[in-house]
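Take a look at the structure set out below.
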Ligand SMILES: [Zn+2]
């Protein structure tokens with residue numbers, strides 16, 4: 130038998146199987162066929178991954194992919210597949226009244242495997258200037274639950290954005306409750322976008338259920354770091370209760386000061402996502418692997434940052450039977466990275482800089498056995 134693709138001699142980092150060493154990986158019919166220290170069978174295609182890092186296909190749990198309608202939407206393939214991400218979750222770019230258009234024009238047509246959270250606002254996110262919840266008549270629970278039920282293969286939950294330019298202060302808890310009610314209508318999870326200092330995170334998390342997600346958790350204010358500049362016991366115990374803390378770097382939502390505070394308190398993110406969009410793709414976010422590189426720089430291990438962008442988001446999204454792992458028989462999604470050494474400058478969403486001596490870069494992405502080389506660089 131001849132394999133379709135053989136990736137030879139790379140350092141395999143697969144947190145799902147606790148693999149961290151040099152292995153060959155064979156792919157056949159779009160699935161992982163074998164993982165061994167040495168595979169000598171013939172293959173149609175061979176990638177020499179010597180000196181490179183081989184991981185399960187990366188999963189970005191916060192992107193905006195509704196290009197042309199959502200003001201933040203990027204064309205998904207160049208920024209995802211082109212940069213190591215095989216699976217991505219669009220977080221609220223569409224809502225009950227726009228999702229079907231998003232699905233037909235984008236999700237069903239692109240090569241990146243896309244899932245979505247519906248915005249509790251039926252319009253989704255259209256304009257950066259007029260928040261989607263400034264008029265709460267858009268927050269339609271039944272319509273969101275119905276659309277989610279109808280598209281359960283792609284819709285995983287509900288997104289609600291609670292920052293001041295999106296919604297009036299007095300409406301925030303109402304919007305959060307409506308998001309939870311809509312998600313309960315089809316068994317999805319809620320992702321809450323936090324974004325200002327008026328509402329401490331503890332005020333919001335008490336409404337969340339285990340498995341619900343806080344995105345932008347590492348922002349300068351309004352995330353896991355309190356106004357006193359610490360990670361409170363309440364936040365620590367909310368994690369123990371099962372609340373998921375996601376990065377969602379974005380143009381305005383990740384601060385090195387917060388990361389350092391959190392690391393010192395042993396509070397690492399559950400999932401590392403980019404929230405890459407039209408306003409952050411040229412910096413400070415660039416892409417998911419740059420976001421992972423920042424957490425590597427601030428003290429997480431390579432195994433940990435890979436886990437936060439593979440195994441953990443796969444479990445959160447309920448797709449871990451087949452994705453986020455290099456187990457034999459699962460989908461042949463693989464990312465090949467290079468850990469470059471040199472002088473690098475990272476910038477956070479507060480425009481603070483830090484110097485680093487390592488950076489992850491994408492070499493190639495494999496989705497269901499098909500190779501996509503990095504076409505951005
Ligand atoms: Zn976002």
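Numbering (this note's numbering), first residue to last: 130 to 506. We put the beta carbon where it would ideally sit given N, CA and C, even for glycine. Computed from a predicted structure; not experimentally measured.
In whole angstroms, give me the CA-to-CA distance for residue 429 and residue 401.
11 Å
Buried or exposed for residue 391, going by 16 or more other Cβ atoms inside 10 Å?
buried
Do three or more CB pairs link the segment 271-288 to the segment 205-212 at distances below 8 Å?
no
Have a look at the DSSP bridge pairing and note the partners of residue 374.
343
Could you give the first and the last residue of the continuous alpha helix (DSSP H) run that contains residue 312?
301-313
Within a Cβ cutoff of 7 Å, which residues of the same chain sit near residue 307, ignoring the five residues on either side of it in sequence?
249, 268, 270
I'd like the ranges of any beta strand (DSSP E) spanning at least 3 consecutive residues and lying wholly in the segment 435-480.
463-476
Near residue 351, which residues of its chain fall below 6 Å by C-beta distance, leaving aside the five closest residues on each side in sequence?
323, 324, 325, 326
So residue 146 and residue 455 are in contact, right, with Cβ under 8 Å, and what is the actual spacing, rounded?
7 Å
Answer yes or no: the CB of residue 150 versus the heavy atoms of ligand 2, is any distance below 8 Å?
Ligands present in the displayed structure are limited to ligand 1, and ligand 2 is not among them.
Considering only heavy atoms of ligand 1, does any lie closer than 8 Å to the CB of residue 191?
yes
Only counting runs of 4 or more residues, tell me where the alpha helix (DSSP H) segments fall wholly within the segment 185-232, in order along the chain.
205-208, 228-231
Cutoff 6 Å; reference residue 418; Cβ partners in own chain excluding five residues on either side
213, 489, 491
Quick check: does the Cβ of residue 377 come within less than 8 Å of any heavy atom belonging to ligand 1?
yes
If we count the other Cβ atoms within 10 Å of its Cβ and call it buried at 16 or more, is residue 450 buried or exposed?
exposed
When we look at the beta-carbon of residue 367 and count the other beta-carbons within 10 Å, is it buried (16 or more) or exposed?
buried
Using the Cβ count rule (16 or more neighbours within 10 Å means buried), how would you classify residue 228?
buried
Give the secondary structure of residue 506 by DSSP, where H, G and I count as helix, E and B as strand, and everything else as coil.
Caution applies to residue 506, whose pLDDT of 42 falls short of 50 and renders its modelled position unreliable; the value that the coordinates give is listed next. Three-state result, residue 506: coil.
For ligand 1, I want to know if residue 322 counts as a neighbour, meaning its beta carbon is within less than 8 Å of at least one of the ligand's heavy atoms.
yes
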